[in-house]
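With the sequence shown counted from 1, adding 5 to any position gets you this note's numbering.
Think of the CB as a built atom: it goes at the ideal place given N, C-alpha and C, for glycine as much as any other residue.
As the structure is a prediction and not an experimental result, all values here were calculated from the model.
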Amino acid sequence: MEMLDQFSYTPMMQQYLEIKKDYTDFIVFFRLGDFYEMFFTDAILASKELEIVLTGRDAGVSERVPMCGVPYHAADLYIERLISKGFKVAIVEQVEDPSLAKGLVRREVVRLITPGTIIDEGSLDAKTNNFIGALTLGKNRYILAYCDLSTGVNAIVTTPKDLEIIKSEVMNLEIRELVISSDVNLRQLRSSLEDRTITLSLCDQTDLPAIYRSLIQEVYDKELISAFARLVNYLIKTQKRELMHMQKVEVFESVKYLNLDNNSIKNLELIETYRESTKKGSLFWLLDRCETAMGSRMLKQSILRPLVDKTKILDRLAFVEALNDNFIVREEIRESLKQVYDLERIIGRISFGNANAKDLQNLKRSLRAAPLIKSRLETIKNELATVLVADIGDYSEMCDLIDRAIVDNPPLSIKEGGIIKKGFNEELDNIRDYALSGKDWIQKFESAERERTGIKKLKIGYNRVFGYY
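Take a look at the structure:
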């Protein structure tokens, strides 16, 4: 249907349109009661992609506006399907108590979900980074800053000013979303990337917020800093929070790494086989005996970006030789690593406030493996081993806190409760007792009040209108 003047619609639809105008490239999930509703072109698109019924809603004009919806409790499944197809989703929620609202309840975008900013464990491949990149055109080069938001990993790579070379870089990294400036030739870029499902997003902010400057303080190239700033500003916009788990930026210098184009990677079957496009049978499949997901991700990136720096190659080989010469120590380290969960992504979820109690228990188990790994590495006479030892700290205080606070087998969802151990917090224990034994408490209170007042027939009553009285 033809879009009319915004003020022709009902107040609720005006509210929707006011929000939608700031998120034109997002599918807006607008919360109404127990459903997320979509309207106009969003509804037409979503109904087709999600295979749900397209209906209509009265909105104060002659024609009903297109509408479709999904139950809020099942929304994650529908959102995941849209994201997997390269769409972006904006979640709109009520942000005030309806009973206190004067007129229409205020609603705001509380979350933006894009292909490159997924952090939910169930939507990610444990052995693959979920990279989002920001592409900037420098004087005589392309600059690609990229980040895995789920782990906090940040890096920058530069290439000659050649679309085919930067295309290979984007494809090798399996970047799912690319942030560009509004002056980039979209048609030419889309044409270059036409055989890949990559979501393109716009951001023109290239001033790096002060709190993120420490991540790139060893980089002095202004073009590189601006490229990283574009990425950070887009992430701040979509995540609507500070990114406290972000790691220092690693700059890949082309002279230190072998540049492999996408055709070479395919033909050499480095990550997947040429005919079946499966991991089984590839070089990565053959070499991946890593005990942790973090190790598998690092191995994959090492295969895609082989060293050409002779000194670094010899350092790495010396470390491998030292581990091979110390068979018992090596196996003890492997056994300890079996206790280590995906620390990068656990820390990412904690930083975003999306962690559950099992994440905390897995964090504790992982950190408790650190002392043994450190002590075993200390026995190896090797420079890289010494560097690793220096990086492993003392996490006993954090482990003890989690051990004292969290039950041994916590529920998956924090909404279920029963996460904090009895005895950890007296106030919580009292509240829990009142909640679980409310009737017993009321009976005891009733008896105490009879005795205090001397009224033998005193009773505490209850109805749905007034509650207890």
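- With respect to the C-alpha of Asp330, the residue from Asn367, Ile385 and Ala360 having the closest C-alpha is Ile385.
- Under the three-state reduction of DSSP output, Cys295 falls in the coil class, being neither helix nor strand.
- Residues of the same chain with a CB within less than 7 Å of the CB of Tyr77, apart from the 5 flanking positions on each side, are Arg36, Asp39, Phe40 and Tyr41 in chain order.
- Within the same chain, and ignoring the five residues on either side of Cys208 in sequence, the residues whose Cβ sits closer than 6 Å to its Cβ are Val184, Arg235, Asn238 and Tyr239.
- In this structure, the straight-line span from the alpha carbon of Leu273 to that of Pro311 is close to 13 Å.
- Among the bridge pairs identified by DSSP, Ile137 is matched with Cys152 and Glu182.
- Just so you know, the alpha carbons of Asp266 and Val412 end up roughly 50 Å apart.
- Only exposed fits Gly466, as fewer than 16 other CB atoms lie within 10 angstroms of its CB.
- For Glu451, the three-state secondary structure derived from DSSP is helix.
- For Cys73, the enclosing beta strand (DSSP E) has its first and last residue at Val70 to Pro76.
- Arg86 and Leu194 have their C-alpha atoms spaced approximately 25 Å apart.
- If you draw a straight line from the Cα of Val254 to the Cα of Thr122, it is about 18 Å long.
- In the structure shown, the three-state DSSP call for Tyr225 is coil.
- For Leu168, the closest of Thr141, Ile124 and Tyr151 by C-alpha to C-alpha distance is Thr141.
- For a cut-off of 8 Å, the C-beta gap from Gln20 to Arg112 is around 6 Å, short enough to register as a contact.
- In the three-state reduction of the DSSP assignment, Asn361 falls in the coil class, being assigned neither a helical nor a strand state.
- Taken through DSSP and simplified to helix, strand or coil, Met43 comes out as strand.
- Residue ranges of uninterrupted alpha helix (DSSP H) with 4 or more members, entirely inside the segment 379-403 and ordered along the chain, are 388-396.
- By alpha-carbon distance to Ala79, the top candidate from Asp47, Leu55, Lys107 and Leu105 is Leu55.
- Taking all protein chains in view, the Cβ of Ala362 is crowded by 16 or more other Cβ atoms within 10 Å, so the residue is classified as buried.
- Here Phe35 is bridged, per DSSP, to Glu42 and Val97.
- Two segments are said to touch when three or more pairs of C-beta atoms, one from each, lie closer than 8 Å; by this definition the segment 138-157 touches the segment 175-189.
- In this structure, Asn159 lies near Met251, with their beta-carbon atoms less than 8 Å apart.
- With 16 or more other Cβ atoms inside 10 Å of its own Cβ, Ser341 counts as buried.
- For Phe324, there is no enclosing beta strand (DSSP E); the enclosing alpha helix (DSSP H) covers residues Lys315 to Asp330.
- Look at the beta carbons and you see the segment 279-299 not touching the segment 102-110: under three pairs across the two are nearer than 8 Å.
- The bridge partners DSSP lists for Thr278 come to none.
- Annotation: Leu312 is outside any alpha helix (DSSP H) and is labelled neither H nor E by DSSP.
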